[in-house]
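Structure, as structure tokens:
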Amino acid sequence: KVTNTGTEETVTQEQLVLALRNILTSTGKFAQYCIPMLIEKLESDIPSARLAAMDVFIHCIDEYDARDMSSYLVQLWNLFSKQALCAENQEIEICALQSITALMQSIGKSIQNDETEISTKKFVDRAIRECGNFLKEFDLKLAWPAVKVLQAVGRANSTCSSLIWSNLIPSLIKQFNTLEQANHRRTILDMITYFLQPTAIRTIIKLPSNVSDELWILLSTHFESFPSHCLPLISNLLQLNSIPGQVLEDNLTKFILHANLNDELKIKLSTVLKILASSPTFDRICTNLLSNLINSWTGTKTTPSNETLECCIDLCHNSERCRERLERFFFPSQQFIRLLPNLFKYLSHLYILTNLFSPLFDLLLTSIVNDEYTKIFCSKCGSIADESCKTFVQNFYETNLFDDSIWQSDKQTNLLVMIYFIGNLKRKFFQHELELIFNKINEKIFNQSSNEMTDIYFYFYGNLINKLASKNEILEHARSIIKQCETSPDEKHIHLWTIIVKALILYRPSFIEQYIPTLILWMNEKTNIANLACQSLKSLTNFNEQTLLLSSDADCIIHPMVKQIMFMNILSQMKPLLINNELLPSQMNVLVDLLSNVPKSIIQDDIISLLPILIRALAPSNESAWPSALNSISDLIKSEPNSIVDHIDTLFPRLITLATYQKDMSIRITSLKCLKYLTNLPTHKIEPYRRNIIHLLKVCVGDHKRLVRKEAVETQMSWCLLNA
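Numbering of the sequence shown is given in UniProt numbering, commencing with residue 1 and proceeding in unit increments.
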């Protein structure tokens with residue numbers, strides 16, 4: 001076509017078809033012309049033509065009245081049902097079923113007259129007469145298309161639904177009871193479930209009482225035999241507000257507590273329980289079920305299974321009485337908070353955001369204690385909070401954290417809740433809120449008394465610094481605090497200094513260059529400050545603090561090269577001490593621990609030069625360094641045995657002694673591994689020790705620990721085969 005501006009535009013076939021359809025369906029006046037044309041297309045052998053005709057008919061129904069096409073109703077029914085029963089593909093089947101529903105809706109909207117074809121009852125009877133016999137056949141190629149046609153009729157309106165249910169379901173139940181084969185019974189249950197699928201119209205009608213009663217009797221009798229097929233049917237009945245009896249509570253309780261639930265059954269059961277929890281109609285059943293489940297472990301004083309706990313949470317799902325149920329069954333005891341960590345792997349983030357924040361956090365502030373369960377719960381809630389929780393988070397910290405009374409000793413547990421919750425908030429959602437919180441607590445950082453909360457509070461402060469370190473003003477605040485700590489280095493200030501420095505170097509490892517000289521200066525002090533500094537270095541190089549707030553789990557910024565950069569900087573700063581052999585025992589222990597915390601690929605070029613330090617760490621006075629030193633030596637002997645040759649005179653006596661060290665099984669095992677790997681050295685180098693080693697191993701193979709005996713036997717075999 002040519003537009004007003006003179007340019008040409010193409011019109012696609014789809015655009016042309018859509019425009020024509022819009023015209024034909026715009027008014028009922030076109031029915032007398034459109035319907036015959038559609039019938040002609042429906043009788044075509046071309047599938048695309050039949051699809052197009054059904055698509056147009058579906059869009060006609062809003063404008064066409066059944067009276068406008070009364071002479072074509074039976075013909076249309078015959079054509080649509082034929083397409084549905086004999087569909088070449090799924091697309092045609094779906095479109096045919098939608099057309100049947102549209103046809104029945106059109107008839108249902110018109111004034112009923114049983115003397116004409118404009119009669120819902122007559123068409124439902126026709127559908128049952130034509131398709132009902134197929135339901136008695138167990139050829140699924142015949143039965144299921146018929147079921148789908150009848151269900152398409154039933155979902156048209158409430159009258160159709162009632163007629164289909166009243167006529168077909170009792171006969172299916174009777175058929176079920178006469179069958180013997182389990183697979184045939186399953187098919188009948190699936191058919192009934194399909195007929196009772198929830199649709200928009202089902203919210204305003206009820207299942208006939210006689211049909212409902214028969215179905216609940218059927219379910220109560222055969223639930224144990226067919227749980228996978230009964231649960232979806234129960235779901236559909238509940239959504240139709242069909243009231244079950246006491247038997248359902250008993251069946252579900254027994255099923256939850258004693259059945260071995262696979263993933264499919266868990267999903268179906270969860271759906272049933274959530275429907276029960278969501279409707280006030282089933283409040284009594286829901287409450288009784290909760291009581292039964294909780295009594296099952298409180299009465300027997302046993303630990304409930306994860307499946308049972310999951311069901312308890314489902315019964316508190318999306319209900320106006322969710323809070324009441326949680327309070328009644330779980331608070332103020334620790335029951336609920338102890339259950340939640342086990343349930344997080346089952347609960348979706350949306351479920352937690354919807355149901356667990358506002359109803360529970362106020363209760364948490366009055367009921368929880370400082371323990372591992374609290375930390376897991378609060379951390380998880382904080383980590384999944386998103387921008388939909390901004391109002392809640394703002395109210396939470398303004399009401400609690402900004403209240404000066406929270407810092408009183410008797411409210412320290414409340415502070416713990418907030419620290420773990422806020423410390424796990426995501427930067428991308430709560431950057432502004434985290435800045436406000438940092439500025440508030442920055443005023444109080446030096447006011448903390450030395451108690452059990454100080455450590456976690458300092459880590460929370462470090463958590464905020466790390467997350468906000470890209471802001472220059474935050475960085476300046478942090479450096480100012482570091483300088484104040486350096487002017488009065490006592491236990492509290494060195495601990496705070498360590499955590500802030502660690503927060504900064506995790507964000508940008510190059511910062512380590514500024515602070516390691518101060519730490520080494522402290523380490524060389526002749527006072528207790530040296531020990532505190534060594535502990536500080538140990539903390540800085542421990543990258544396994546997943547239980548604390550300075551970790552990727554808490555959304556902290558962790559530089560991917562932090563281990564490499566830190567190790568190289570610390571080693572370069574300590575090299576003068578290594579060369580002069582001036583390391584104090586505490587410094588040596590820290591260095592050995594550092595080696596165990598750094599990936600082997602990073603230290604492989606330096607480990608040989610550090611070997612004398614590792615062997616010194618095996619001295620009797622360095623017991624705390626033995627595990628790390630032995631592991632490093634074991635890796636070195638295994639990969640480069642010749643590097644140890646110059647030190648075997650010192651190493652062998654220590655390994656022999658540690659192989660019988662009674663206080664720690666792991667030290668005995670690692671020492672035996674080292675002795676086994678040493679057999680890879682040239683024979684003439686280790687022959688002088690052979691007799692002594694074999695004598696020692698006779699003692700080790702009689703060790704009271706099985707794993708030690710196993711390692712001792714392998715080591716003994718290696719030494720006995722030395723000359724073979």
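Built from N, CA and C at the ideal position, the CB exists for glycine as well. Computed from a prediction, not measured in an experiment: that's the story for all the values here.
Distance between Ile445 and Phe458, taken at the CA atoms: about 8 Å.
The criterion of a C-beta distance shorter than 8 Å is not satisfied by Gly382 and Ile437.
In the three-state reduction of the DSSP assignment, Pro198 falls in the coil class, being assigned neither a helical nor a strand state. Judged by DSSP in its simplified three-state form, Thr498 adopts helix.
Cβ neighbours of Cys312 within its own chain (closer than 6 Å, five residues either side excluded): Leu293. In this structure, Ala503 lies near Leu550, with their beta-carbon atoms less than 8 Å apart.
The shortest CA-to-CA distance from Asp314 to any of Leu276, Ile192, Leu42, Ile694 is the one to Leu276. Residue burial annotation: Val699 is exposed, with fewer than 16 other C-beta atoms found within 10 angstroms of its C-beta.
Here Ala530 carries a helix assignment [DSSP, helix/strand/coil]. In this structure, the straight-line span from the alpha carbon of Ile441 to that of Ile384 is close to 24 Å. Taking one beta carbon from each stretch, the region 146-158 and the region 123-131 have 3 or more pairs nearer than 8 Å; the two touch.
Taking the C-beta atoms as reference points, Met104 is found nearer than 8 Å to Cys160. For Ile243, no alpha helix (DSSP H) segment is defined, and its DSSP state is neither H nor E. Per DSSP, Phe282 lies in no alpha helix (DSSP H) and is assigned neither H nor E.
At the C-beta level, Pro244 and Ile192 stay beyond 8 Å of one another.
Taking C-beta atoms under 8 Å as the contact rule, Ser110 and Arg67 qualify, at a distance of about 6 Å.
Contact annotation: Leu42 and Leu18 have beta-carbon atoms that are not nearer than 8 Å.
Annotation: the region 644-669 contains the following complete segments of the alpha helix (DSSP H) (minimum length 4 residues), in chain order: 648-658.
Residue burial is scored here from C-beta neighbours: Ile512 has at least 16 other C-beta atoms within 10 angstroms and is therefore classed as buried. With the rule of 3 Cβ pairs closer than 8 Å, the region 256-273 does not count as touching the region 212-219. Contact between the region 457-475 and the region 555-571 is present: 3 or more CB-CB pairs across the two stretches fall below 8 Å. A straight line joining the alpha-carbon of Leu537 with that of Arg654 spans about 27 Å. If you draw a straight line from the Cα of His432 to the Cα of Tyr397, it is about 13 Å long. For Tyr64, the secondary structure class from DSSP, reduced to helix, strand or coil, is coil. For Val701, the three-state secondary structure derived from DSSP is coil. Here the region 659-675 lies against the region 707-722, with 3 or more beta-carbon pairs under 8 Å apart. Excluding the 5 residues flanking it on each side, Ser552 has same chain C-beta neighbours closer than 7 Å at Ile558, in chain order.
The criterion of a C-beta distance shorter than 8 Å is not satisfied by Ile500 and Ile474.
Within the model, the alpha-carbon separation for Val247 versus Asn395 is close to 45 Å. Per DSSP, Pro612 is one residue of the alpha helix (DSSP H) stretching across 611-616. By the Cβ neighbour-count rule, Asp703 is buried, with 16 or more other Cβ atoms within 10 Å of its own. In this structure, Val562 sits away from Pro612, with a CB-CB distance that is not shorter than 8 Å. In the structure shown, Ile474 adopts helical secondary structure according to DSSP, grouped into three states. Bounds of the alpha helix (DSSP H) holding Cys160 are 158-178.
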